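Novice: Submitted below is the structure of interest, expressed as structure tokens.
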Amino acid sequence: MTVSTDAAGLAAAYPPQGLAPTPEQIVRHLRHSSRVAERATLLGHHPFGAVLVGPDQETVLMEQGNVDTVNHAESVLARVAALNFTPEYLWSCTLYTSVEPCCMCAGTMYWANIGRVVFGMTEKRLLEATGDHSENPTMSVDCRYVFEHCQKAVEVVGPVAEVEAEIMEVQRRFWSSR
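Residue numbers (UniProt numbering): 1 to 178.
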């Protein structure tokens, strides 16, 4: 496949992502990512989780909890996915994450060619749970801002009101004990 370096060429090479998830699938996969986040805390890590779902919006391909401050759940998952799936396939996949991806994770998802991201709670809401905690100096850069400055149109869905309170409770419980 030859890919043009102009925006029109990229748009042709990576058309819209295909099958969109239903509201029920969105809530189910976000709850899954929140369970992955809680499991990360049992391993001594921060409460962030990510799940990669295939183009059918049902098949869970991978899941990843947070590792450390530079190996966030979303970026680790995106890197491993890029090693195991073609860019064309990943463009039709959806990455679900409990909390809005930071700019590092958004950039990694973009470079891995994951075509859609769904998050439960914003970075701004996360800041309410973490405050100025030295272990998580939350950034105030929306992932949409990052994706708007890319050449391929990554679809973003979130925050999702149906799961936001549940995800916030996981965050508050963890950060209040630190």
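Cβ coordinates follow ideal geometry from the N, Cα and C atoms, glycine included.
Treat the numbers as computed from the prediction; the structure is a model and nothing was measured.
Would you mind reading off the limits of the alpha helix (DSSP H) that contains residue 64?
Specialist: Note, residue 64: premise wrong, no alpha helix (DSSP H); beta strand (DSSP E) at 60-65.
Novice: Counting only the same chain and skipping the five closest in sequence on each side, list residues whose C-beta sits under 8 Å from that of residue 130.
Specialist: Counting only Cβ-Cβ distances below 8 Å, and skipping sequence neighbours, we find 136, 138, 171, 175.
Novice: Sort out for me which residues DSSP pairs residue 94 with in a bridge.
Specialist: DSSP, once it has assigned bridges, lists 53, 116 as partnering residue 94.
Novice: May I ask you to list the residues that DSSP assigns as paired with residue 109?
Specialist: The partner list for residue 109 (beta bridge, DSSP) is empty, contrary to what the question assumes.
Novice: Hey, how far is the Cα of residue 186 from the Cα of residue 26?
Specialist: The structure shown has nothing for residue 186, since the chain only spans 1 to 178.
Novice: Ordered along the chain, which non-local residues of its own chain (more than five positions away) have a Cβ less than 8 Å from that of residue 63?
Specialist: Counting only Cβ-Cβ distances below 8 Å, and skipping sequence neighbours, we find 32, 33, 36, 49, 50, 51, 52, 77.
Novice: Roughly how many angstroms separate the alpha carbons of residue 88 and residue 160, rounded to a whole number?
Specialist: Whole-angstrom Cα-Cα distance: 27 Å.
Novice: State the beta-bridge partners of residue 71 as determined by DSSP.
Specialist: According to DSSP, which records beta bridges pairwise, residue 71 is partnered with 68.
Novice: Would you call residue 145 buried or exposed, if buried means 16 or more other Cβ atoms sit within 10 Å of its Cβ?
Specialist: The residue is exposed, with fewer than 16 neighbouring Cβ atoms inside 10 Å.
Novice: Could you pull the start and end residues of the beta strand (DSSP E) that residue 156 belongs to?
Specialist: Start and end: 155-157.
Novice: For the putative contact between residue 99 and residue 128, defined by C-beta atoms under 8 Å, what is the C-beta separation to the nearest angstrom?
Specialist: Their Cβ separation, rounded to whole angstroms, is 12 Å, which puts residue 99 and residue 128 out of contact at 8 Å.
Novice: Just to confirm my understanding: we take residue 102, look at its own chain, exclude 5 residues before and 5 after, and list those with CB closer than 6 Å. What are they?
Specialist: Hits under 6 Å: 139.
Novice: How many Å lie between residue 151 and residue 23 at the Cα?
Specialist: Rounded to whole angstroms, residue 151 to residue 23 spans 28 Å at the Cα level.
Novice: Closer than 8 Å by C-beta to residue 114: which residues in its own chain qualify, once you throw out the five before and the five after it? Chain order, please.
Specialist: Cβ neighbours of residue 114 beyond the five flanking positions: 52, 78, 81, 90, 91, 93, 94, 95, 154.
Novice: Going by the beta-carbon positions, is the gap between residue 58 and residue 108 smaller than 8 Å?
Specialist: No, the pair does not count as a contact, with Cβ atoms beyond the cut-off.
Novice: In its own chain, which residues sit with a C-beta less than 8 Å from the C-beta of residue 45, not counting the 5 before and 5 after it?
Specialist: Counting only Cβ-Cβ distances below 8 Å, and skipping sequence neighbours, we find 65, 66, 67, 68.
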